[in-house]
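Each remark here refers to the structure printed beneath this line.
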Amino acid sequence: MFKTNNKLKGKDLINVGIYSAISAVIIMVVAMLGYIPIFIPLLSVLGPLILGIPFMLFLTKVKKFGMILIMSIIMGLLMLLTGMGYYSLVVGVITGLIAEFIYRSGNYSSASKAVLTHGVYCIWIWGNFLPLFFDIEGYFATRQDYGQEYIDSLTALMPTWMCPVLLVACFVFGILGGLIGKAAVKKHFIKAGIV
Amino acid sequence: MNNRILQADVRNRGLVLDPRTKLLLLITMAVFVLGGAASSYFPFIVPCLCAVPLVLLILSKKFRSAALYAVVYSAVYAINILLADRLSGILYFLVLGTTGILTRFMPSVMMGIYVVSTTTVSEFTAAMQRMHVTEKIIIPLSVMFRLFPTIADEFSSINAAMRMRGISFGGKNWTKMLEYRLIPLMTCSVQIGSELSAAALTRGLGGEVKRTNVCNIGFHLQDIIAMLLCALPYVGLILGWFGVKLI
Numbered sequence: 000m001f002k003t004n005n006k007l008k009g010k011d012l013i014n015v016g017i018y019s020a021i022s023a024v025i026i027m028v029v030a031m032l033g034y035i036p037i038f039i040p041l042l043s044v045l046g047p048l049i050l051g052i053p054f055m056l057f058l059t060k061v062k063k064f065g066m067i068l069i070m071s072i073i074m075g076l077l078m079l080l081t082g083m084g085y086y087s088l089v090v091g092v093i094t095g096l097i098a099e100f101i102y103r104s105g106n107y108s109s110a111s112k113a114v115l116t117h118g119v120y121c122i123w124i125w126g127n128f129l130p131l132f133f134d135i136e137g138y139f140a141t142r143q144d145y146g147q148e149y150i151d152s153l154t155a156l157m158p159t160w161m162c163p164v165l166l167v168a169c170f171v172f173g174i175l176g177g178l179i180g181k182a183a184v185k186k187h188f189i190k191a192g193i194v
Numbered sequence: 000m001n002n003r004i005l006q007a008d009v010r011n012r013g014l015v016l017d018p019r020t021k022l023l024l025l026i027t028m029a030v031f032v033l034g035g036a037a038s039s040y041f042p043f044i045v046p047c048l049c050a051v052p053l054v055l056l057i058l059s060k061k062f063r064s065a066a067l068y069a070v071v072y073s074a075v076y077a078i079n080i081l082l083a084d085r086l087s088g089i090l091y092f093l094v095l096g097t098t099g100i101l102t103r104f105m106p107s108v109m110m111g112i113y114v115v116s117t118t119t120v121s122e123f124t125a126a127m128q129r130m131h132v133t134e135k136i137i138i139p140l141s142v143m144f145r146l147f148p149t150i151a152d153e154f155s156s157i158n159a160a161m162r163m164r165g166i167s168f169g170g171k172n173w174t175k176m177l178e179y180r181l182i183p184l185m186t187c188s189v190q191i192g193s194e195l196s197a198a199a200l201t202r203g204l205g206g207e208v209k210r211t212n213v214c215n216i217g218f219h220l221q222d223i224i225a226m227l228l229c230a231l232p233y234v235g236l237i238l239g240w241f242g243v244k245l246i
């Protein structure tokens, strides 16, 4: 069975762990900005842009089915543990699977498919916004201690039509982040012999 | 950054809880303190849960973290109560927001520090195996567990090096901040990672046979007490859904 070499080995899983840890640290730092209301919708721009660099480097290590999906699930679990709700876990499983298939269709080496993969993968960030649209009363009932002005400005920033806009933003800036990441990988890591 | 607080010291750690109990405590904190699930039914639950990390830190002999937590949390809480009503405008917004965010995040962060600083990677792996989690999740998670302190350490070193070169907020090369911090961080993480996977392979990770583990984990009296404590808010929450008011 292990002659086919398609099973995930320890080394692959360790790689998933390393890049998930880097992404988690980055996303936590970025999410701290979300305290200022204007930055909440902007998280769907900044997150994918910055995550692009570690993710594109991660994709150079991906050669087997399942690694992107596992990373997506782990990010969802982290969001669950940090109190962002289970939405990003659900979204992450679906988009992780789609991203996995996209990258596989390029034989795990196509650069343009890699950029597209990052765009789809980044949609899990959108999952964090879903409670704002589906359950706005419940969302703010738990955030009374941020003050009424925070709630007012956030509600004004988040009308219902923002929901698809944020989804598209995650995707588009995911692709942009992928391009930046690709450039960074080319500039720094290929030259240094890391990839 | 003092990195030593994040590493487990096996010999001298006072009360030992099972990693599964710690995980349950962490989830409970995330649901009720960070998520604020039950705050509308019974508001007194949040301060009660906030005391849990303090007690646990003292019991596991982390006196410095415990003292720091107690002082900062009570100071912030006092400011929130005393000052919030007397201010107005932008100052009110700032003070209320800062204290609100600190009181919300600090208990869970301290709980996280407690869990990470008192659990070894082996114990964590053993607990996950007992819970029949698939190895495909266990290995990445335990690698993350192992890497968080390392990344924090590397990041502070890179930060210091870059500040020396004027690549920081207010420095003359601040436009390069992101690139010049992320890239070295990732280069050294990749290096550490390949060393780590070599070390793990020599210990038989990813082999075909089932791995054994020397860690003795299991539920004891203290675990049962902690679990019963965790069950209380959930029971209250479910009763609240059915319209029963406890207070």
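Chains as they are written, first to last, in numbering that gives the first Met the number 0: chain A, 0 to 194; chain B, 0 to 246. The beta-carbon is built from N, C-alpha and C at its ideal position, and this holds for glycine as well.
Look up residue i in the DSSP assignment and say whether it is helix, strand or coil.
| i | result |
| --- | --- |
| A:Pro-158 | coil |
| A:Asn-106 | coil |
| A:Lys-2 | Note that A:Lys-2 has pLDDT 44, beneath the 50 cutoff, so the model's placement of it is unreliable and the number below is only indicative. The answer is coil: DSSP assigns A:Lys-2 none of H, G, I, E or B. |
| A:Cys-169 | helix |
| B:Glu-207 | coil |
| B:Ala-216 | Before going further, note that residue 216 of chain B is Ile rather than Ala in the sequence given. B:Ile-216 falls in the coil class under three-state DSSP. |
| B:Leu-228 | helix |
| A:Val-114 | helix |
| B:Asn-2 | Caution is warranted here: a pLDDT of 47 is assigned to B:Asn-2, below 50, making its placement in the model unreliable, and the coordinate value is therefore given only provisionally. Correct three-state label for B:Asn-2: helix. |
| A:Phe-100 | helix |
| A:Phe-64 | coil |
What residue range is occupied by the uninterrupted alpha helix (DSSP H) comprising residue i?
| i | result |
| --- | --- |
| B:Asp-152 | 134-163 |
| B:Ile-182 | 176-201 |
| B:Ser-121 | 120-129 |
| A:Thr-81 | Looking at the DSSP string, A:Thr-81 is not in any alpha helix (DSSP H), and its letter there is neither H nor E. |
| B:Ala-74 | 62-82 |
| B:Val-54 | 44-58 |
| A:Ser-197 | Here chain A has residues from 0 to 194 only, and residue 197 of chain A is not among them. |
| A:Ile-52 | 38-58 |
| A:Phe-133 | 129-133 |
| B:Lys-21 | 18-28 |
| A:Ile-124 | 123-126 |
What residues of chain D sit near residue i, judged by a beta carbon separation below 8 Å?
| i | result |
| --- | --- |
| A:Asn-14 | The chain inventory of the structure shown lacks chain D, comprising the protein chains A and B. |
When you compare the CB positions of residue i and residue j, do they come within less than 8 Å of one another, or not?
| i | j | result |
| --- | --- | --- |
| A:Gly-176 | A:Ile-49 | yes |
| A:Tyr-86 | A:Asn-127 | yes |
| A:Ala-113 | A:Tyr-120 | no |
| B:Ile-26 | B:Pro-232 | no |
| B:Pro-139 | A:Ser-19 | yes |
| B:Met-143 | A:Gly-16 | yes |
| B:Lys-175 | B:Ile-182 | no |
| B:Val-70 | B:Leu-48 | no |
| A:Leu-115 | A:Ile-174 | yes |
| B:Met-24 | B:Ala-225 | Here the sequence assigns Leu to residue 24 of chain B, which means Met is not the residue at that position. In contact: B:Leu-24 and B:Ala-225 (Cβ atoms closer than 8 Å). |
| B:Leu-14 | B:Ser-59 | yes |
| B:Phe-123 | B:Pro-46 | no |
| A:Ile-93 | A:Cys-169 | no |
| B:Val-29 | A:Thr-81 | Per the sequence presented here, residue 29 of chain B reads as Ala, with Val not at that position. For B:Ala-29 and A:Thr-81, yes; Cβs fall inside 8 Å. |
Is any heavy atom of the ligand MG found at a distance shorter than 7 Å from the C-beta of residue i?
| i | result |
| --- | --- |
| B:Pro-106 | For the structure depicted, the ligand MG is absent and the ligand set is empty, with no information on it obtainable. |
Original post:
For the 8 Å Cβ check, are there 3 or more pairs between the region 43-51 of chain A and the region 65-79 of chain A?
Top reply: no
Subject >> Cβ contact check for the region 128-138 of chain B and the region 107-115 of chain B: 3 or more pairs under 8 Å >> reply: no
Subject >> At least 3 beta-carbon pairs within less than 8 Å: the region 73-84 of chain B vs the region 92-103 of chain B >> reply: yes
Subject >> Touching by the beta-carbon criterion (3+ pairs, under 8 Å), the region 69-79 of chain A and the region 194-210 of chain B >> reply: no
Subject >> Three-pair Cβ contact test at 8 Å for the region 204-218 of chain B versus the region 117-130 of chain B >> reply: yes
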